[in-house]
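If you read the sequences in order, they're chains L and Y. Each residue of the first sequence is one higher than the last, beginning at 584 in this note's numbering. Each residue of the second sequence is one higher than the last, beginning at 3 in this note's numbering. Here the structure comes first, spelled out in structure tokens, and everything after it is commentary.
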Amino acid sequence: MDATSPDKIIVEGFQHFFETADGPVQATGLIDLKIPAAEFVTLVGPSGCGKTTLLKAIAGFITPTRGRIVCDGKTVTGPGRDRGVVFQELAILPWRTVRRNIGHGLEIAGVPKAERERTVARLVALTGLKGFEDRYPHELSGGMRQRVAVARTWAADPDIILMDEPFAAVDAMTRLTLQEELASLTFSTRKTVFFITHSVDEAVFLADRVLVMSKRPGRIKASIEVPRRKAGGRDWESFTTDPEMQAICEQVLRLVRDERMDGAARPGETPDPLKEAS
Amino acid sequence: MSDAKPVRTDTLTWKLLPALPFVALIAGWSIYWLIARPPVGTLPPAWAVTEALWQLAADGELLQNTLASLGRLLLGTTVGVVTGVVGGFLVGLNRRAADFLNPLVVFFNAISGIVWLPLMIGWLGIGTALVVFLIWNTVFFLVFQNTVLGVRLVPPVLEQSVETLGGSRLHIILNVTLPGALPYILSGIRSGLGFGWRALIAAELVGATVGLGQMIFRAAEFHRADIIIAGCLVIGLLGVLMDRYLLAPIEKHTIERWGLVTPSRGI
Ligand SMILES: Nc1ncnc2c1ncn2[C@@H]1O[C@H](COP(=O)(O)OP(=O)(O)OP(=O)(O)O)[C@@H](O)[C@H]1O
Ligand SMILES: [Mg+2]
Numbered sequence: 584m585d586a587t588s589p590d591k592i593i594v595e596g597f598q599h600f601f602e603t604a605d606g607p608v609q610a611t612g613l614i615d616l617k618i619p620a621a622e623f624v625t626l627v628g629p630s631g632c633g634k635t636t637l638l639k640a641i642a643g644f645i646t647p648t649r650g651r652i653v654c655d656g657k658t659v660t661g662p663g664r665d666r667g668v669v670f671q672e673l674a675i676l677p678w679r680t681v682r683r684n685i686g687h688g689l690e691i692a693g694v695p696k697a698e699r700e701r702t703v704a705r706l707v708a709l710t711g712l713k714g715f716e717d718r719y720p721h722e723l724s725g726g727m728r729q730r731v732a733v734a735r736t737w738a739a740d741p742d743i744i745l746m747d748e749p750f751a752a753v754d755a756m757t758r759l760t761l762q763e764e765l766a767s768l769t770f771s772t773r774k775t776v777f778f779i780t781h782s783v784d785e786a787v788f789l790a791d792r793v794l795v796m797s798k799r800p801g802r803i804k805a806s807i808e809v810p811r812r813k814a815g816g817r818d819w820e821s822f823t824t825d826p827e828m829q830a831i832c833e834q835v836l837r838l839v840r841d842e843r844m845d846g847a848a849r850p851g852e853t854p855d856p857l858k859e860a861s
Numbered sequence: 003m004s005d006a007k008p009v010r011t012d013t014l015t016w017k018l019l020p021a022l023p024f025v026a027l028i029a030g031w032s033i034y035w036l037i038a039r040p041p042v043g044t045l046p047p048a049w050a051v052t053e054a055l056w057q058l059a060a061d062g063e064l065l066q067n068t069l070a071s072l073g074r075l076l077l078g079t080t081v082g083v084v085t086g087v088v089g090g091f092l093v094g095l096n097r098r099a100a101d102f103l104n105p106l107v108v109f110f111n112a113i114s115g116i117v118w119l120p121l122m123i124g125w126l127g128i129g130t131a132l133v134v135f136l137i138w139n140t141v142f143f144l145v146f147q148n149t150v151l152g153v154r155l156v157p158p159v160l161e162q163s164v165e166t167l168g169g170s171r172l173h174i175i176l177n178v179t180l181p182g183a184l185p186y187i188l189s190g191i192r193s194g195l196g197f198g199w200r201a202l203i204a205a206e207l208v209g210a211t212v213g214l215g216q217m218i219f220r221a222a223e224f225h226r227a228d229i230i231i232a233g234c235l236v237i238g239l240l241g242v243l244m245d246r247y248l249l250a251p252i253e254k255h256t257i258e259r260w261g262l263v264t265p266s267r268g269i
């Protein structure tokens with residue numbers, strides 16, 4: 584692997600099977616993917632097609648059955664602080680206040696308290712959590728908890744941000760703000776982002792490139808470039824009135840709707856992986 | 003939290019209500035005694051027990067025995083909790099340690115308790131070591147098994163999320179696994195303390211010269227049922243006090259504060 588490659592994340596011949604009591608379950612089809620540094624990639628696809636599986640493999644929590652993942656020229660063998668993750672399920676610590684959850688990554692990195700507090704204050708304001716800094720997660724609403732999770736990942740300032748439907752539980756108004764902030768923040772800091780969502784609008788709004796997955800076992804069936812974001816990121820007003828953007832949304836929507844929903848995996852109906860790969 | 007609690011639970015009536023069954027018990031006992039007049043050596047009246055209690059307290063015997071028992075209980079429980087939590091973490095976190103240690107734990111759990119006494123008298127002699135061993139032997143298994151369960155029930159995603167923040171294994175164990183397992187650990191300690199009392203009194207019957215168990219044992223030789231019941235009262239009362247002023251506050255400031263359990267109504 585060439586370390587000077589412009590690709591921040593490379594997924595090579597990836598395929599994953601889960602071992603279950605009833606035998607292996609194929610979670611994803613064959614996936615090859617390259618994400619250049621500073622690109623914002625969003626991923627849409629039917630439920631159960633393997634989106635989370637792919638994200639967790641990039642994060643280092645799943646060892647691929649086949650193929651490999653390369654980040655920054657190094658094969659991924661486990662999680663690391665270069666890859667921040669906002670999980671699909673809620674993953675903030677119930678025994679830490681909002682403040683201490685958001686500052687957790689900085690605390691681990693040994694950032695002095697004063698500086699930590701500054702970063703936390705900035706993110707608290709950004710995610711609309713002002714006044715709740717000293718509350719425990721069980722005292723917050725579901726959407727607020729999810730915002731804490733997002734803020735915690737942003738505060739740790741990783742190079743790569745992996746987000747699994749981070750705004751699903753956030754109210755519509757806050758979601759718009761968070762999306763705009765995410766777009767401009769990641770653009771100005773040149774973050775590489777891999778973002779899973781079920782919302783086509785969100786996928787197109789945020790992305791440099793939208794990936795559409797087929798139903799389980801999912802492959803990447805389409806990759807749609809979205810014209811470069813302008814320096815200040817995007818805002819929803821201009822997005823909804825831009826015919827070019829709306830055309831892309833329609834295109835993605837059509838691709839997604841072609842994929843019939845096919846809930847959970849059924850063991851025992853695993854296709855021959857060799858045939859699948861050819 | 004506090005604003006969600008119904009106001010009623012804070013009123014004096016509700017605070018005193020739990021005493022009602024005790025009052026009923028004493029009343030029933032007194033009435034029965036007045037009607038049936040059993041021999042005092044078998045069942046003394048409540049006022050005789052009160053008098054015995056007063057006398058024991060007055061000549062300092064009660065304090066001496068209580069302190070001796072409490073000291074052993076705390077020592078045995080502390081050793082039991084520490085070894086139980088450490089062992090529980092080892093087994094809960096490590097498949098291999100679990101495979102290796104589990105049969106051993108199940109084996110010795112089956113022969114726990116008073117079964118050890120004849121052997122241990124020979125090995126440890128009669129004294130504090132023997133009593134502390136018997137308490138440890140009770141507390142350890144309860145704390146151990148609860149800790150293993152608690153460690154296994156911490157959602158992996160919590161540990162994973164801190165891994166992505168760069169947290170080391172030790173950091174995660176201390177900051178995620180330990181607080182996450184705390185409800186179970188505390189539950190183990192609570193049962194451990196309860197059964198620890200039982201082990202303590204049983205052990206003191208043979209393994210000590212002072213202590214509440216010893217006091218009761220000696221009273222039995224002289225058919226002093228009033229002292230026996232007085233001893234039971236003190237033991238039960240200490241159990242309630244320890245739960246209320248030792249365990250409950252810890253729970254209130256940790257697992258209840260974090261919303262891991264709903265606040266208990268207290269006793
Ligand atoms: N730990 C597991 N053991 C067995 N099967 C699993 C496991 N995790 C996921 N699967 C299966 O693998 C498939 C892909 O799961 P994955 O979570 O990646 O889907 P997803 O695309 O993220 O779905 P959603 O949009 O609903 O979150 C699913 O069919 C699921 O049933
Ligand atoms: Mg998912």
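Here a beta-carbon is modelled for each residue, glycine too, at the ideal position from N, C-alpha and C. On a predicted model such as this, the values are computed, not experimentally measured, just so you know.
Determine, for L/Lys591, whether the minimum Cβ-Cβ distance to residues of chain Y falls below 8 Å. No, L/Lys591 does not count as interfacial toward chain Y.
Does any residue of chain Y bring its CB to less than 8 Å from the CB of L/Pro629? The beta-carbon of L/Pro629 is placed no less than 8 Å from the nearest beta-carbon of chain Y.
Taking buried to mean at least 16 other C-beta atoms within 10 Å of its own C-beta, is L/Ile592 buried or exposed? With 16 or more other Cβ atoms within 10 Å, it is buried.
Does any C-beta atom of chain Y lie closer than 8 Å to the C-beta of L/His599? Judged by the 8 Å Cβ criterion, L/His599 is not in contact with chain Y.
So that I know if they touch, is there some Cβ in chain Y lying closer than 8 Å to that of L/His781? No, no contact with chain Y.
Contact set between the region 632-653 of chain L and chain Y, restricted to residues whose Cβ is under 9 Å from the partner: For the region 632-653 of chain L, which is checked against every Cβ of chain Y, the residues closer than 9 Å are Lys639, Ala642, Gly643, Phe644.
Could you tell me the distance, in whole angstroms, from the CA atom of Y/Thr44 to the CA atom of Y/Trp35? CA-CA distance, Y/Thr44 to Y/Trp35, rounds to 11 Å.
Using only the alpha-carbon positions, how far apart do Y/Asn111 and Y/Val88 sit? Using only the alpha carbons, I get a separation of about 17 Å.
Any heavy atom of ligand 1 closer than 7 Å to the beta-carbon of L/Gln542? No statement about residue 542 of chain L is possible, as the shown extent of chain L runs from 584 to 861 and does not include it.
So Y/His173 contacts chain L; which residues on that side make the cut at Cβ distance below 9 Å? Near Y/His173 (Cβ distances below 9 Å), the residues of chain L are Ile691.
Assumed close pair Y/Gly67, Y/Leu214 - CB separation to whole angstroms, cut-off 8 Å: Checking the sequence, you will find Asn at residue 67 of chain Y rather than Gly. Yes, they are in contact, since the Cβ atoms of Y/Asn67 and Y/Leu214 sit about 5 Å apart, within 8 Å.
Three-state secondary structure assigned by DSSP to Y/Asp101: Y/Asp101: helix per DSSP, three-state reduction.
Can you find a heavy atom of ligand 1 that lies under 7 Å from the Cβ of L/Ser630? L/Ser630 has its CB nearer than 7 Å to a heavy atom of ligand 1.
At a cut of 8 Å, does the region 739-749 of chain L reach the region 634-647 of chain L through at least three beta carbon pairs? With the cut-off at 8 Å, the region 739-749 of chain L and the region 634-647 of chain L touch.
Same chain only: Cβ atoms within 7 Å of L/Ser806, ignoring 5 sequence neighbours per side: Answer for L/Ser806: Arg792, Leu794, listed in chain order.
Proximity below 8 Å, CB of L/Gly596 to CB of L/Asp615: Their beta carbons are under 8 Å apart, which means L/Gly596 touches L/Asp615 by this criterion.
Below 8 Å, can you find three or more Cβ-Cβ pairs linking the region 181-195 of chain Y to the region 218-236 of chain Y? At 8 Å Cβ cutoff, the stretches do not touch.
What residues in the region 668-679 of chain L have a beta carbon less than 7 Å from any beta carbon of chain Y? Of all residues in the region 668-679 of chain L, Val668, Phe670, Glu672, Ala674, Leu676, Pro677, Trp678 have a Cβ within less than 7 Å of some Cβ in chain Y.
Within 8 Å of any Cβ in chain L, is that where the Cβ of Y/Gly261 sits? It does; some Cβ of chain L falls within 8 Å.
Which residue from L/Glu622, L/Ser797, L/Leu789 puts its Cα closest to that of L/Thr611? Cα-wise, what sits closest to L/Thr611 is L/Ser797.
Y/Leu262 versus L/Ala704, L/Gly726, L/Arg679, residue with shortest Cα-Cα distance: When only C-alpha atoms are compared, the closest one is L/Arg679.
Could you pull out every residue in the same chain whose Cβ sits closer than 7 Å to the Cβ of Y/Thr85, ignoring the five residues on either side in sequence? Same-chain partners within the cutoff: Phe142.
Rounded C-alpha distance that separates Y/Pro46 from Y/Ser32: Between Y/Pro46 and Y/Ser32, the C-alpha separation is close to 9 Å.
DSSP state of L/Lys713 mapped onto helix, strand, coil: Of the three classes helix, strand and coil, the one that applies to L/Lys713 here is coil, per DSSP.
Can you give me the C-alpha to C-alpha distance between L/Lys774 and L/Ala621, rounded to a whole angstrom? Roughly 5 Å between the two C-alpha positions.
C-alpha gap between L/Arg651 and L/Asp784, whole angstroms: For L/Arg651 and L/Asp784, the distance between alpha carbons rounds to 31 Å.
Chain L residues whose Cβ lies nearer than 9 Å to that of Y/Pro181: Within chain L, the residues near Y/Pro181 are Leu676, Pro677, Trp678, Arg679.
So which residues on chain Y does L/Gly714 lean against when the C-beta distance must stay under 7 Å? Against chain Y, a Cβ distance below 7 Å from L/Gly714 picks out nothing, because the smallest value is about 16 Å.
Short CB-CB distance (under 8 Å) between Y/Ser32 and chain L: Contact with chain L is absent for Y/Ser32, since none of that chain's Cβ atoms lies less than 8 Å from the residue's Cβ.
Go ahead and label L/Leu676 buried or exposed: buried means 16 or more other beta carbons lie within 10 angstroms of its beta carbon, across all protein chains shown. Buried.
Nearest to L/Leu761 (by Cα), restricted to the options L/His781, L/Leu789, L/Glu716, L/Asp717: In this structure, L/Leu789 is the residue among L/His781, L/Leu789, L/Glu716, L/Asp717 with its C-alpha nearest to the C-alpha of L/Leu761.
Step through the CB atoms of chain Y and report whether any lies within less than 8 Å of the CB of L/Pro695. So, not an interface residue.
Between the beta-carbon of Y/Trp1 and the beta-carbon of Y/Leu136, is there less than 8 Å? What the structure shows of chain Y is the stretch from 3 to 269, and residue 1 of chain Y is not part of that stretch, so it cannot be assessed.
Rounded separation between Y/Leu151 and Y/Leu103 - CA only: Looking at the backbone, the Cα of Y/Leu151 and that of Y/Leu103 are separated by about 15 Å.
With distances taken from CA atoms, which of L/Gln834, L/Pro695, L/Asp740 is nearest L/Ala786? Residue L/Gln834 is the option with its Cα nearest to L/Ala786.
Kindly indicate which three-state DSSP category L/Ala610 falls into: helix, strand or coil? Annotated three-state conformation of L/Ala610 is strand, per DSSP.
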